[in-house]
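K.L.:
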Amino acid sequence: MDNIIIYCKSCVTPSSRPRIVFNKNGICNACLNSNQKDNINWEDRLHELNIILDEHRANNGSWDCIIPWSGGKDSSAIAYKMKYEHQMNPLLVTFSPMLPNKIGNENREALINAGFDHIYFRPNQKVHRILAKRFFIERGNPKVAWDAGINVIPVKIALKMNIKLLFYAEHGESEYGGKVLSEESMRSRDFTEVIEHQIGDDPRNWEADNVSLRDLNPYIYPNNKELNDAGIKAYYYSYFRKWSMFENFKYVKKKYNFNENPRGRTLGTFQGFDSLDDKFDDLYYYMQYIKFGFGRCIRDTSRFIQNNHMERKEALELCHKYDGEFPEYYFDEILKYLDLSKDDFYSIVDKHRNDEIWKKTNEEWELKYPLPKK
1298 MDNIIIYCKS CVTPSSRPRI VFNKNGICNA CLNSNQKDNI NWEDRLHELN IILDEHRANN
1358 GSWDCIIPWS GGKDSSAIAY KMKYEHQMNP LLVTFSPMLP NKIGNENREA LINAGFDHIY
1418 FRPNQKVHRI LAKRFFIERG NPKVAWDAGI NVIPVKIALK MNIKLLFYAE HGESEYGGKV
1478 LSEESMRSRD FTEVIEHQIG DDPRNWEADN VSLRDLNPYI YPNNKELNDA GIKAYYYSYF
1538 RKWSMFENFK YVKKKYNFNE NPRGRTLGTF QGFDSLDDKF DDLYYYMQYI KFGFGRCIRD
1598 TSRFIQNNHM ERKEALELCH KYDGEFPEYY FDEILKYLDL SKDDFYSIVD KHRNDEIWKK
1658 TNEEWELKYP LPKK
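Take 1298 as the starting number for the sequence shown in our numbering and just add one per residue.
(1) List the whole-angstrom C-beta distance separating P1365 from G1475, where the pair is believed to meet the contact cut-off of C-beta under 8 angstroms.
(2) Since I1645 and G1590 should fall inside the 8 angstroms C-beta cutoff, what is the C-beta to C-beta distance between them, to a whole number of angstroms?
(3) Can you tell me whether L1345 is helix, strand or coil according to DSSP?
(4) If you drop the 5 nearest sequence neighbours on each side, which residues of the same chain put their C-beta closer than 7 angstroms to that of M1298?
(5) If you count every other CB in all the chains shown that lies within 10 Å of the CB of G1621, and 16 or more means buried, which is it?
(6) Compute the Euclidean distance between the alpha carbons of P1387 and S1359, then round it to the nearest angstrom.
(7) Where do the N-terminal and C-terminal ends of the beta strand (DSSP E) with W1443 fall, by residue?
(8) Does F1623 pass the burial test, meaning 16 or more other C-beta atoms within 10 Å, or should it be called exposed?
(9) Can you find the residues in the same chain that come closer than 7 angstroms, C-beta to C-beta, to F1433, ignoring five residues on each side of it along the sequence?
(10) Should L1668 be labelled buried (16 or more other beta-carbon atoms within 10 Å of its own) or exposed?
(11) Pick out the complete alpha helix (DSSP H) segments inside the segment 1331-1404, 4 residues or longer, and give them in chain order.
(12) I believe V1424 touches D1512 by the beta-carbon criterion, under 8 angstroms. Please report the beta-carbon distance rounded to the nearest angstrom.
(13) Measuring CB to CB, does E1490 end up less than 8 angstroms from Y1533?
(14) Should the segment 1341-1349 be regarded as contacting the segment 1524-1538, the criterion being three or more beta carbon pairs within less than 8 angstroms?
(15) Hey, L1462 and D1361 are a contact pair by Cβ (cut 8 angstroms); roughly how many whole angstroms apart?
(16) Using the three-state DSSP reduction, which class does W1662 fall into: helix, strand or coil?
(17) Within the present structure, is the beta-carbon of Y1465 separated from the nearest heavy atom of the ligand GTP by less than 7 angstroms?
(18) Roughly how many whole angstroms lie between the Cα atoms of L1615 and I1631?
(19) Helix, strand or coil: which one does DSSP assign to F1642?
(20) Considering Cα atoms alone, identify which of Y1377, D1641, F1319, S1367 is closest to E1578.
(21) Taking only the alpha-carbon atoms, compute the straight-line gap between E1611 and T1598 and give it to the nearest angstrom.
(22) Between D1629, F1567, V1390, N1651, which has its C-alpha nearest L1613's C-alpha?
(23) Take Y1627 and list the residues in its own chain whose beta-carbon comes closer than 6 angstroms to its own, dropping the five residues that flank it on each side.
(24) For A1376 and F1546, what's the separation of their Cα atoms in angstroms?
(25) For V1318, name the three-state secondary structure that DSSP assigns.
(26) Nearest by alpha-carbon distance to M1385: which of G1569, L1637, G1401, I1460 is it?
(27) Using the C-alpha atoms, what's the distance from N1659 back to N1402?
(28) When DSSP labels each residue in this structure, what does D1299 get in the three-state scheme?
(29) Taking Cβ positions, are P1515 and V1452 nearer each other than 8 angstroms?
As structure tokens, then:
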């Protein structure tokens, strides 16, 4: 990380985002990649997608593909388009949220009732809580094991059920800013890249006195040879169809009864339609703010700018108003889940507060390189 944080001159993403790249003009690679979308022949991409789909249509009445599905706007938009625009027969697979909430359950039920088959996997909660607490203490991220599970379980089910095609939403490194290995990595899912960027290490390393290797089964990827021998292919839908979180929301809102946050907006941001299904998400984005100096609102407004839904001036105003809000709504439930006292919690938070980007003034923490006003 550079000593001085800069903010993208087009969106509002800072250089403290892991792996992000800026050009000499101060523009991040997420914005540069977004600008390139206008030069893509999306009809050709759709034709390419249709060839892949036709190659994988089951002729025995089985499922054609698996959609790793949270119930949120993005994976739901993919599922609905797969079934009703592409005439595929998708199987939806969900790795349970850590602390499921009512609106997430309602949104999943709404899409299932629109005509979908669904597998819901809930891992051993004793083990999951142990891992959540361990990784909150060690890495400032209680969702490390969950990140592994949402990636692993759909692939394991694909192997077990001999379903050779999976569709994920977007390639995060290109959409949000990060290390893009190649154009092919934006098209096909590289499982090695997923382990490195999303999980951080091999979950076999998580074995401990109170967590056995058997306990870790839901978090351990099949090896590449097993996947290749089975002919498993995984793609990013965002490569084939122009991607926008806001357009996905509008799409599902129109197609079925997709509900927004009943409070109107979600803590830490201006919108109320994204990342609704897990009570831990507020803490996740708060810890991102602690470690990297930016939270959910900077993330969301940057996407809105890149897709021409918002001007940078408005984004700056919203971020100064909402970014980095404390996760107060579910705070007591989170403490109970992690088996932590408030004092322990705050001690862990400050342990992960990056002293390269934070300073303490009059007993108050503030960013050394705050988001500019304009």
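Backbone N, C-alpha and C fix where the C-beta goes; we use that ideal spot for every residue, glycine too.
P.N.:
So, to answer that:
(1) Here residue 1365 refers to the residue found at position 68 of the sequence shown. Here residue 1475 refers to the residue found at position 178 of the sequence shown. Actually they are not in contact, since the Cβ atoms of P1365 and G1475 sit about 20 angstroms apart, beyond 8 angstroms.
(2) Locating residue 1645 in the sequence shown gives position 348, counting from the first residue. Locating residue 1590 in the sequence shown gives position 293, counting from the first residue. Wrong, their Cβ atoms sit about 18 angstroms apart, outside the cutoff.
(3) Position 48 of the sequence shown, counting from 1, holds the residue named residue 1345. In the sequence as displayed, the identity of residue 1345 is Glu instead of Leu. Three-state result, E1345: helix.
(4) Position 1 of the sequence shown, counted from the start, is the residue given in the question as residue 1298. Confidence in M1298 is poor, its pLDDT being 48 and thus under 50, which makes the residue's placement too unreliable to answer from.
(5) For this step, residue 1621 is matched to residue 324 along the sequence shown. It counts as buried.
(6) Taking the sequence shown and counting its residues from 1, one reaches residue 1387 at position 90. Taking the sequence shown and counting its residues from 1, one reaches residue 1359 at position 62. Approximately 9 angstroms, taken between the alpha carbons.
(7) Translated into the one-based positions of the sequence shown, residue 1443 becomes position 146. Per DSSP, W1443 belongs to no beta strand (DSSP E); it is in the alpha helix (DSSP H), 1441-1458.
(8) Locating residue 1623 in the sequence shown gives position 326, counting from the first residue. Label assigned to F1623: exposed.
(9) For the purposes of this step, residue 1433 is identified with residue 136 of the sequence shown, where counting begins at 1. Here the set comprises P1439, L1635, I1645.
(10) Numbered from its first residue, the sequence shown carries residue 1668 at position 371. The residue in question, L1668, is buried, as its Cβ has 16 or more Cβ neighbours within 10 Å.
(11) 1339-1352, 1370-1381
(12) In the sequence shown, the residue the question calls residue 1424 occupies position 127. In the sequence shown, the residue the question calls residue 1512 occupies position 215. Between D1512 and V1424 the Cβ distance is about 5 angstroms, and since that is below 8 angstroms, they are a contact.
(13) On the sequence shown, residue 1490 is found 193 positions in, with the first residue counted as 1. On the sequence shown, residue 1533 is found 236 positions in, with the first residue counted as 1. Their beta carbons are not under 8 angstroms apart, which means E1490 does not touch Y1533 by this criterion.
(14) yes
(15) Working through the sequence shown from its first residue, we reach residue 1462 at position 165. Working through the sequence shown from its first residue, we reach residue 1361 at position 64. Going by Cβ atoms, the distance from L1462 to D1361 rounds to 7 angstroms, so yes, they are a contact pair.
(16) Translated into positions along the sequence shown, residue 1662 becomes position 365. Note: W1662 maps to strand in three-state DSSP.
(17) Ligands displayed in this structure: none; no statement on the ligand GTP is therefore possible.
(18) Position 318 of the sequence shown, counting from 1, holds the residue named residue 1615. Position 334 of the sequence shown, counting from 1, holds the residue named residue 1631. Going from the Cα of L1615 to the Cα of I1631 covers about 27 angstroms.
(19) Stepping through the sequence shown from its first residue, residue 1642 is reached at position 345. Helix, per DSSP.
(20) Here residue 1578 refers to the residue found at position 281 of the sequence shown. According to the sequence as given, residue 1578 is Asp; it is not Glu. Comparing Cα-Cα distances from D1578 to each of Y1377, D1641, F1319, S1367, the minimum goes to S1367.
(21) Taking the sequence shown and counting its residues from 1, the one referred to as residue 1611 is at position 314. Taking the sequence shown and counting its residues from 1, the one referred to as residue 1598 is at position 301. Each residue's alpha carbon lies about 9 angstroms from the other.
(22) Locating residue 1613 in the sequence shown gives position 316, where the first residue counts as 1. Out of D1629, F1567, V1390, N1651, F1567 has the C-alpha closest to the C-alpha of L1613.
(23) By one-based count along the sequence shown, residue 1627 stands at place 330. Answer for Y1627: K1576, listed in chain order.
(24) Along the sequence shown, one-based indexing puts residue 1376 at 79. Along the sequence shown, one-based indexing puts residue 1546 at 249. If I take the Cα positions, the gap works out to 13 angstroms.
(25) By one-based count along the sequence shown, residue 1318 stands at place 21. Here V1318 sits in coil by DSSP.
(26) On the sequence shown, residue 1385 is found 88 positions in, with the first residue counted as 1. Minimum Cα distance to M1385 is reached at I1460.
(27) Your numbering for residue 1402 matches position 105 in the sequence shown. Your numbering for residue 1659 matches position 362 in the sequence shown. Each residue's alpha carbon lies about 44 angstroms from the other.
(28) As a working mapping, residue 1299 is identified with position 2 in the sequence shown. Annotation note: pLDDT 49 at D1299 (below 50); position unreliable, no value reported.
(29) By one-based count along the sequence shown, residue 1515 stands at place 218. By one-based count along the sequence shown, residue 1452 stands at place 155. No.
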